[in-house]
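Just so you know, the protein sequences line up as chains A and B, in that order.
Numbering follows our numbering, with no gaps: position 66 of the first sequence is 109.
Numbering follows our numbering, with no gaps: position 7 of the second sequence is 50.
The beta-carbon is built from N, C-alpha and C at its ideal position, and this holds for glycine as well.
Just so it is clear, the structure is predicted and the values come from calculations on it, not from any experiment.
Protein chains: 2
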Amino acid sequence: MSTHKKEEFSDDERRLAELAKALSHPARIAILRILAQKKSCICGEIVDVLPLAQATVSQHLKELKNVGLVKGTIDGPRSCYCLNPEVVKELMSITGILHEFLVQNNSQSCC
Amino acid sequence: MSTHKKEEFSDDERRLAELAKALSHPARIAILRILAQKKSCICGEIVDVLPLAQATVSQHLKELKNVGLVKGTIDGPRSCYCLNPEVVKELMSITGILHEFLVQNNSQSCC
DNA sequence: ATCGTTCATCGCAAATATACGATAAAGAAA
DNA sequence: TTTCTTTATCGTATATTTGCGATGAACGAT
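Structural data, given as structure tokens:
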């Protein structure tokens, strides 16, 4: 019915889930990797490298932009994308938290 | 049409995406947090704490089990769940890799 | 002004994910 | 055995995601 219970969780949980969702498709992982490697923030080059149509790549880029992991500026007829250092940092600190609370009982698995 | 291009990406990218997908819902983050806090690997307690029906929680647990983050054993009429230290470790090393390749051009954002 | 290039968005189809009630399975308790 | 408790699974409804062709917007070049 509702398919919509996400508001009932904490802000932390929702934000971490949101960032994880942005990473939950191989194409988006690949895009992030490309952006991290290339200094110049290409765009059409991404389409050339990935096995996806231009429209699809554009959509993935949009999702990465929506969570803030990627910034983009229009540069003449072409678009320039690059990582957003701040949100990358947020992702780091959040995976750090994840790390902490996962590592707590890391040693004794009872099952 | 196809909705199915995921095989064309690398193993690394697919595995990271798969783990990220397991984390991409607040309920599953909450479940992991609970499992990390409680020493005893409860189960029905999770249902009590989350704002979700028992069937739904069971489904989320299954997904976490499928990617290996969680182990479960049947203990009489009830089920015992706990984190899987090995896959938690895998997640760590993978977020480490993510960290590395994201941090590379961390300083100069060109957009 | 016209054409070509680059990219975003719209509209649609197919696949997945989310949620839950109902029911089944399996042991504990009576 | 019958009953209760606990959990997994089935079936189903709805929502979201994925992917792409087609189209449009914006600019550069001619």
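Skipping 5 residues on each side, what residues in its chain have a beta carbon closer than 8 Å to that of residue i?
i	result
THR116(B)	SER122, CYS123
LEU75(B)	LEU66, LEU107, LEU112, VAL113, LEU126
Would residue i count as contacting chain B if we go by Cβ distances under 8 Å?
i	result
ARG121(A)	no
HIS68(A)	yes
ILE85(A)	no
GLY115(A)	yes
On a Cα-Cα basis, can you pick out the residue from the options that is closest to residue i?
i	options	result
ASP55(B)	THR99(B), ILE137(B), LEU66(B), VAL110(B)	ILE137(B)
CYS154(B)	HIS142(A), GLU88(A), LEU78(A)	LEU78(A)
ARG71(B)	LEU75(A), LEU59(A), LEU95(A), LYS81(A)	LEU59(A)
ARG57(B)	LYS49(A), PRO69(A), GLN102(A), LEU62(A)	PRO69(A)
Would you mind telling me which residues of chain B sit closer than 7 Å to residue i, beta carbon to beta carbon, in chain order?
i	result
GLU51(A)	PRO94
Below 8 Å on the Cβ atoms is my guess for residue i versus residue j; work out the distance and round it to an integer in Å.
i	j	result
VAL100(A)	LEU107(A)	At roughly 11 Å, the Cβ-Cβ gap does not stay under 8 Å, so VAL100(A) and LEU107(A) are not in contact.
SER67(B)	LYS64(A)	4 Å
LEU95(A)	LYS48(B)	6 Å
Is residue i close to chain A, meaning its C-beta is less than 8 Å from at least one C-beta of that chain?
i	result
GLU133(B)	no
HIS47(B)	no
LEU104(B)	no
LYS64(B)	yes
LEU59(B)	yes
Would you mind telling me which residues of chain A sit closer than 7 Å to residue i, beta carbon to beta carbon, in chain order?
i	result
GLU56(B)	PRO69, ILE72, ALA73
Closer than 7 Å by C-beta to residue i: which residues in its own chain qualify, once you throw out the five before and the five after it? Chain order, please.
i	result
ASN155(B)	This structure cannot settle anything about residue 155(B), because the visible part of chain B is limited to 44 through 154.
VAL92(A)	ILE77
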